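Same order as they appear, the protein sequences are chains A and B.
Residue 31 in our numbering sits at position 31 of the first sequence, with consecutive numbering throughout.
Here our numbering = 1-based position in the second sequence + 189.
Below is one structure, written out as structure tokens; the observations come after it.
Number of protein chains: 2
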Amino acid sequence: MKKTKREIILKTAASLFRSKGYSATSMRDLAKAVGMEAASLYNHIKSKQEILAALLLDAANSFMDGMERIENEDIKPLEKIERLISLHIRIAVKNTDAISLLTQEWRHLEGEAYTEFNSKRKDYEKRFKNILIRGIESEEIKNVNPDVALFSILSTMRWFYAWYSKKDGFSIGELEQQFSDVLIVGLKN
Amino acid sequence: MKKTKREIILKTAASLFRSKGYSATSMRDLAKAVGMEAASLYNHIKSKQEILAALLLDAANSFMDGMERIENEDIKPLEKIERLISLHIRIAVKNTDAISLLTQEWRHLEGEAYTEFNSKRKDYEKRFKNILIRGIESEEIKNVNPDVALFSILSTMRWFYAWYSKKDGFSIGELEQQFSDVLIVGLKN
DNA sequence: CCTACCGATCGGTAGG
DNA sequence: CCTACCGATCGGTAGG
Chain A
1 MKKTKREIIL KTAASLFRSK GYSATSMRDL AKAVGMEAAS LYNHIKSKQE
51 ILAALLLDAA NSFMDGMERI ENEDIKPLEK IERLISLHIR IAVKNTDAIS
101 LLTQEWRHLE GEAYTEFNSK RKDYEKRFKN ILIRGIESEE IKNVNPDVAL
151 FSILSTMRWF YAWYSKKDGF SIGELEQQFS DVLIVGLKN
Chain B
190 MKKTKREIIL KTAASLFRSK GYSATSMRDL AKAVGMEAAS LYNHIKSKQE
240 ILAALLLDAA NSFMDGMERI ENEDIKPLEK IERLISLHIR IAVKNTDAIS
290 LLTQEWRHLE GEAYTEFNSK RKDYEKRFKN ILIRGIESEE IKNVNPDVAL
340 FSILSTMRWF YAWYSKKDGF SIGELEQQFS DVLIVGLKN
């Protein structure tokens with residue numbers, strides 16, 4: 001499990017970008033945290049932008065892979081929604097810093113990386129929404145506005161990393177159960 | 190309805206901070222957007238920090254006032270939750286830029302302003318949670334984890350401004366109805 | 001991986 | 001409200 005210098009730089013950058021924000025983190029901050037001079041970073045990475053792009057596209061791909069897998073499972077729409085909630089929770093627990101960037105810092109992407117990230121994001125949302133629509137059609141899901149339902153689930157899941165960082169003592173299973181309860185079953189008795 | 194220069198500067202800053210982020214927005218960007226030289230801004234504001242603090246504390250106070258009012262209404266907990274959802278929607282529709290900063294840029298606050306903002310935020314969440322707990326006690330609300338329920342509602346409402354900016358043609362009444370449906374009644378048939 | 005350094009830009013001030 | 005300017009810091013490169 002030896003980590004290359006590049007991997008260490010990326011991990012450290014994720015943590016700094018998360019706590020200070022991309023713009024407010026300088027390459028000198030990053031160099032100090034890694035234990036080298038700023039100029040030396042450039043032997044491992046091309047630019048500050050490349051770091052952000054690598055982190056975000058990697059995280060985005062985890063979600064695309066998960067979506068692909070869940071779409072192809074032979075289960076009902078509502079169960080797919082549950083699996084997607086679980087996907088978000090698991091990725092966030094495993095890779096909290098990178099997920100925070102996905103929520104907070106993606107607008108600082110430039111050029112092609114921005115375009116690529118954005119189109120993945122839109123594709124993901126479209127596929128998620130299609131599952132909701134199929135659930136509404138089969139009457140497994142209430143006749144709610146699918147855009148509102150999609151947005152509600154995704155907002156909650158996108159901020160999950162921040163909530164999770166403050167709370168302790170929940171197992172993955174408990175988290176999945178409680179978020180499914182609230183997001184799918186609702187509050188009203 | 191004449192606006193002072195200071196008000197124009199604050200409004201313009203809110204819009205720039207929203208689209209570029211606080212750190213990535215320079216005082217020269219702001220000056221240009223307002224139509225003066227950077228140095229001249231300082232006749233109306235003390236510092237870049239002061240702008241962010243003024244915008245955020247003002248927005249935070251809108252929520253504190255709304256919470257105060259709703260707490261004192263003689264209605265059941267679940268109806269208070271509905272009113273709070275409506276409060277978030279109305280403030281976000283009226284003051285979209287400032288609300289985006291509340292969600293995205295508050296961590297750039299420094300010193301006393303950070304402390305004050307943070308304590309208001311915590312106070313607001315505590316009072317919101319108490320309403321949920323009272324609803325659970327009276328069995329009007331399902332026996333869900335109140336932290337998870339609080340977090341789910343607040344995440345959705347905090348991102349509402351971004352969703353709303355992309356969608357058109359909803360009246361306030363429709364928005365209130367649809368978000369209450371999804372957040373309170375749930376998805377499962 | 002470092003020293004030395006580049007041009008650009010930052011938030012902010014002096015003085016009028 | 002402007003011109004002129006401050007010291008500090010930025011992302012990044014040259015050359016070893």
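Using N, Cα and C, we set each Cβ at its ideal position, and we do this for glycine too.
Keep in mind that this is a model prediction, so the values were computed, not measured.
Measuring alpha carbon to alpha carbon, tell me which of the options ends up nearest residue i.
i	options	result
residue 194 of chain B	B/233, B/221, B/217	B/233
residue 21 of chain A	A/70, A/8, A/107, A/3	A/107
residue 60 of chain A	A/98, A/40, A/29, A/139	A/98
residue 206 of chain B	A/19, A/23, A/18	A/23
residue 55 of chain A	A/101, A/82, A/85	A/101
residue 340 of chain B	A/58, A/71, A/141, A/187	A/187
residue 64 of chain A	A/120, A/96, A/105, A/50	A/120
residue 355 of chain B	A/161, A/176, A/184, A/122	A/122
residue 161 of chain A	A/95, A/127, A/11, A/50	A/95
residue 300 of chain B	B/242, B/255, B/271, B/262	B/242
residue 176 of chain A	A/70, A/84, A/19	A/84
residue 245 of chain A	A/170, A/140, A/164, A/169	Chain A is shown only over 1 to 189; residue 245 of chain A falls outside these bounds and no answer can be derived.
residue 126 of chain A	A/109, A/71, A/103, A/15	A/71
residue 51 of chain A	A/118, A/170, A/26, A/178	A/26
residue 336 of chain B	A/15, A/179, A/11, A/38	A/179
residue 19 of chain A	B/238, B/204, B/227, B/298	B/298
residue 66 of chain A	A/28, A/57, A/124, A/74	A/124
residue 251 of chain B	B/263, B/306, B/217, B/227	B/306
residue 49 of chain A	A/170, A/169, A/113	A/113
residue 57 of chain A	A/103, A/168, A/169	A/103
What residue does the alpha helix (DSSP H) around residue i start on, and which one ends it?
i	result
residue 86 of chain A	77–94
residue 259 of chain B	237–260
residue 196 of chain B	194–209
residue 226 of chain B	No alpha helix (DSSP H) holds residue 226 of chain B; DSSP gives it neither H nor E.
Would residue i be called buried (16 or more neighbouring beta carbons within 10 Å of its own) or exposed?
i	result
residue 13 of chain A	buried
residue 304 of chain B	exposed
residue 236 of chain B	exposed
residue 181 of chain A	buried
residue 9 of chain A	buried
residue 332 of chain B	exposed
residue 145 of chain A	buried
residue 327 of chain B	exposed
residue 275 of chain B	buried
residue 7 of chain A	exposed
residue 174 of chain A	exposed
residue 189 of chain A	exposed
residue 338 of chain B	buried
residue 40 of chain A	exposed
residue 324 of chain B	buried
residue 294 of chain B	buried
residue 361 of chain B	exposed
residue 257 of chain B	exposed
residue 82 of chain A	buried
Shorter than 7 Å, the distance from the beta carbon of residue i to the closest heavy atom of the ligand PLP, or not?
i	result
residue 305 of chain B	The ligand content of the structure shown is nil, which means the ligand PLP is not present either.
Whole alpha helix (DSSP H) elements within the stretch 103–139 of chain A, 4-residue minimum: 111–137
Inter-stretch contact at 8 Å, needing at least 3 Cβ pairs: the stretch 119–132 of chain A / the stretch 58–78 of chain A: yes
Sufficient close CB pairs (3 or more, under 8 Å) joining the stretch 219–235 of chain B to the stretch 280–297 of chain B: Contact fails: fewer than three Cβ-Cβ distances are below 8 Å.
Alpha helix (DSSP H) runs contained entirely in the stretch 330–377 of chain B, provided each spans 4 or more residues: 335–355, 361–369
Touch test, the stretch 152–159 of chain A against the stretch 340–356 of chain B, Cβ-Cβ under 8 Å, three pairs minimum: Judged by Cβ distances under 8 Å, the stretch 152–159 of chain A makes contact with the stretch 340–356 of chain B, as three or more pairs qualify.
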